[in-house]
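Counting the sequence shown from 1 gives a position; this note's numbering is that position plus 12. Down below is the structure, laid out as structure tokens.
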Amino acid sequence: MEGVLIFDQNNDLIYQNFNDGMRAKMTRHAIDLGLMEDEKRDPRKDLDCNVLIQIFSPLVASQRIMMCQFDNAYTSVQMENNLNLVFDEFLGYLFLQISTKEVDQVRRELGVCICLLKHICGPNIYIVKNDHEKSKLLTSLIGTYRRMYKENQGILVEAIEQLLVNADVKNTVVSSLQAATEKLKQDPHSQRSHSIMFVGNKFLSLYSSRQAQELSPPDMLFLNVFCQTLDRGEHSKRIESHVVFLQGCSNQSTSGCIPHIVHVCKLFDDVFLVLLIEHGNIVLSGNLYDVFFALHKLHNIHMQMDVENLRSAFDSLETYVKHTMDSLRKIKHNSPEADEAVRVFILKWDNLRKRYCEYFKASDSSLLVKIESNMPMFVEALKDMFKLLCAECATLEHGLQRVSDIADMVEEKITEVFNFLQVKSQKNFCMGSYLEDFPGLVHFIHIDRNNGRIVAPGLDLEDSTNVLKERIWSMVELSRTYLHKGHMSMIWKDVTFSYGYFLWFEDANGTALKPKEFPDFSTTSTKPQLIAGILSGDYYQRLIETCFPRTPPSKIRCYELYCVHLGLVTSTNVLEHCRRLAVTITDLTGKPFDAKCCCTAPNSPAVAYCARVSNPMKQEDVLRKQINFNSETYR
């Protein structure tokens with residue numbers, strides 16, 4: 013049994029998602045409380061929002077008080093019948109999930125729910141209440157994630173599996189994606205674009221125009237889940253088009269909220285072409301994103317009655333609004349509705365700013381009432397402007413014929429390798445090729461946290477008695493528990509298998525780096541706690557910042573390796589296998605190669621993903637130094 017609820021700042025319910033078991037339980041509870049009549053119950057429909065608000069209002073109100081007045085909000089509540097209730101918050105919206113799963117898993121799912129919602133709505137979360145299509149899409153995305161988490165190793169560790177292909181196949185695919193990108197660029201509004209190919213739930217290749225913003229690992233993971241969701245839709249079409257908000261890489265000035273038009277084209281069974289086009293003015297969307305956060309911080313200060321910090325919070329909001337105004341002056345609006353939205357936004361801001369100036373001049377607390385009465389009107393103006401200028405695309409369907417032509421072209425180019433890709437989508441590679449070189453090795457998962465890619469042998473998911481799959485999922489969950497306490501290297505055994513987990517760091521040259529400080533996120537922290545992964549927040553970025561406080565995070569590489577051996581294999585052999593296995597995988601997959609850096613033509617239009625084999629002897633030396641269990645580096 014499980015369900016997800018989202019409440020806005022006024023404790024109004026804007027989204028609900030219950031499975032059949034939880035819906036039946038909530039219905040029975042509502043009947044027992046006299047909130048609904050038994051004969052009016054319809055198990056196929058969502059519960060009445062007013063009924064759910066009455067059931068949860070005491071808990072939601074208590075959470076708001078603990079959060080705003082005491083800065084000590086609940087994280088979870090354990091109830092009878094093994095029910096766990098977990099809380100999370102984003103921009104003042106309260107997310108609540110009820111489930112019989114373990115608390116850590118529920119926290120992860122709720123964090124992923126927020127991530128998915130941000131990708132389809134941006135900072136304007138409230139739109140999910142009245143936009144049935146977005147609400148339905150969110151429900152489908154959550155369902156797809158839960159299904160994939162149970163069977164997909166990439167979703168388990170929050171990274172995307174890299175499909176391993178030979179050079180001929182790779183060249184064919186990259187060539188087709190390059191042609192797709194060039195054809196997109198024939199439209200002056202599609203100069204900043206990406207062409208991506210997924211095979212099943214695996215990543216095959218990416219080709220980006222030179223001006224396009226770099227995609228982050230969470231973006232790639234979201235797009236993969238997005239493709240799987242659309243493919244399983246009730247009325248799935250060959251081409252699906254939507255507006256989404258990708259976060260981009262953290263080292264970019266416009267990261268956080270980058271509107272994109274995404275066209276998902278199904279070429280063959282399990283082969284997807286994804287065309288991404290940057291939409292609108294990304295500087296404006298980034299500034300509006302900052303305004304939403306500054307406004308949320310200011311609202312919290314009002315709730316806490318923290319008048320000492322009110323001035324600094326307002327100054328921050330004013331700065332971001334000024335940046336927004338500057339962006340608005342540089343763009344042209346194509347509709348009277350957009351012009352009116354901008355005019356209302358400026359008017360409401362001037363009015364709100366005037367009220368704040370009066371308060372700061374007179375220090376009269378009664379003026380705070382006028383400020384708080386004007387705040388909702390400014391918030392609504394902000395939402396309307398964001399919706400019209402960033403979230404809507406009047407020409408979304410306009411270019412479908414061009415997209416269809418591009419899909420036909422790519423389909424024709426990769427027809428000769430289609431059968432190969434279809435087989436690889438089912439099983440990337442198997443352990444058989446590794447048994448001779450690594451006797452006793454049963455399974456491994458190698459993760460490059462820089463690009464969010466994993467390499468792992470396929471699993472037999474159709475075998476319901478597959479003990480290995482169950483042990484792998486348990487191994488990952490256990491390693492996260494100890495990683496949270498600061499342990500980066502572990503070996504342990506059970507009756508059947510021996511397990512190893514290793515996390516290490518390198519610089520850009522492949523030299524091993526010893527952490528300056530060892531983290532322990534289980535203790536109290538000044539920053540919000542993150543769970544191991546990238547969808548609920550980049551845990552590994554935080555880990556790098558903690559371990560190397562004086563080094564720019566972009567200069568540090570982070571890797572993880574999981575190994576499963578037969579129980580008879582000694583710890584010494586496990587360590588040796590891990591060293592050699594990491595070298596083998598690096599030799600097999602290579603590293604991302606930026607065509608900008610070594611293209612002979614100075615105006616080369618694109619960046620392609622391809623492979624470069626590193627020096628295996630150097631890599632082995634790195635791992636021999638890094639993976640050890642002496643007293644200095646065990647944690």
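Positions of the beta carbon are idealized from the N, C-alpha and C atoms, including for glycine. If you're wondering where the values come from, they're calculated on a predicted model, not measured in any experiment.
Asked, Found
"Local conformation of V625 per DSSP, three classes", "Because the pLDDT at V625 is just 28, under 50, the model does not fix this residue reliably, and the value given afterwards should be weighed accordingly. Coil at V625, not helix or strand."
"Length of the line joining the Cα atoms of E529 and F560", "7 Å"
"At least 3 beta-carbon pairs within less than 8 Å: the region 140-159 vs the region 563-574", "no"
"Three-way DSSP call (helix, strand, coil) for D506 in this model", "coil"
"8 Å Cβ cutoff met for L400 and A353", "yes"
"Residue interval of the alpha helix (DSSP H) (run including N236)", "P229 to D243"
"DSSP-derived helix/strand/coil call for S267", "coil"
"Enclosing beta strand (DSSP E) for S220 [first to last residue]", "K214 to S221"
"Length at least 4, wholly inside the region 60-112: the alpha helix (DSSP H) runs in chain order", "61-80"
"Nearest-angstrom beta carbon gap, F107 and Q75 [assumed within contact, 8 Å]", "No, Q75 and F107 are not in contact; Cβ-Cβ is about 11 Å, not under 8 Å."
"Nearest candidate by alpha-carbon position, reference M421, set K278, S205, C239 and V63", "K278"
"Cβ pair count under 8 Å reaching 3, the region 209-224 against the region 129-146", "no"
"Inter-stretch contact at 8 Å, needing at least 3 Cβ pairs: the region 386-405 / the region 342-360", "yes"
"Complete beta strand (DSSP E) runs within the region 416-484 (minimum length 3 residues, chain order)", "453-460 and 465-467"
"Cutoff 6 Å; reference I568; Cβ partners in own chain excluding five residues on either side", "F517, I556 and F560"
"I110, buried or exposed, once every other Cβ within 10 Å from all chains shown has been counted against 16", "buried"
"Reduced DSSP category for G549 - H, G, I as helix; E, B as strand; rest coil", "coil"
"Contact under 8 Å by Cβ, G452 with L580", "yes"
"Continuous beta strand (DSSP E) stretch holding M315: start and end", "Run containing M315: none in the beta strand (DSSP E); it sits in the alpha helix (DSSP H), I294 to Q316."
"The region 229-237 touching the region 319-327, judged by at least three CB pairs closer than 8 Å", "no"
"Cβ shell of Q21 (< 6 Å), same chain only, five flanking positions each side left out", "G104"
"Cβ pair A594, H458 closer than 8 Å", "yes"
"Backbone secondary structure at M209 - three-state DSSP", "strand"
"D199 versus H410: straight-line alpha-carbon distance, rounded", "12 Å"
"Unbroken stretches of the alpha helix (DSSP H), 4 residues or longer, contained in the region 324-374", "348-374"
"DSSP state of F398 mapped onto helix, strand, coil", "helix"
"Nearest-angstrom Cα separation, counted from E384 out to K334", "21 Å"
"C-alpha distance - C80 paired with A73, whole-angstrom precision", "11 Å"
"For I18, three-class secondary structure by DSSP", "strand"
"Proximal residues to Q553 (C-beta, below 8 Å), its chain only, five neighbours per side dropped", "S262 and P565"
"Nearest-angstrom Cα separation, counted from L495 out to Y646", "Residue placement at Y646 is flagged as unreliable, the pLDDT there being 30, under the threshold of 50; a coordinate-derived value is accordingly withheld."
"Residue range of the alpha helix (DSSP H) that includes I154", "H144 to E163"
"For F390 and K360, believed in contact at Cβ under 8 Å, the rounded distance", "4 Å"
"Length of the line joining the Cα atoms of V381 and I65", "27 Å"
"Beta-carbon contacts of V274 that lie in its chain and below 6 Å, excluding the five residues immediately before and after", "H254, V256 and L288"
"Cβ-based burial, G212 [other Cβ within 10 Å; buried from 16]", "buried"
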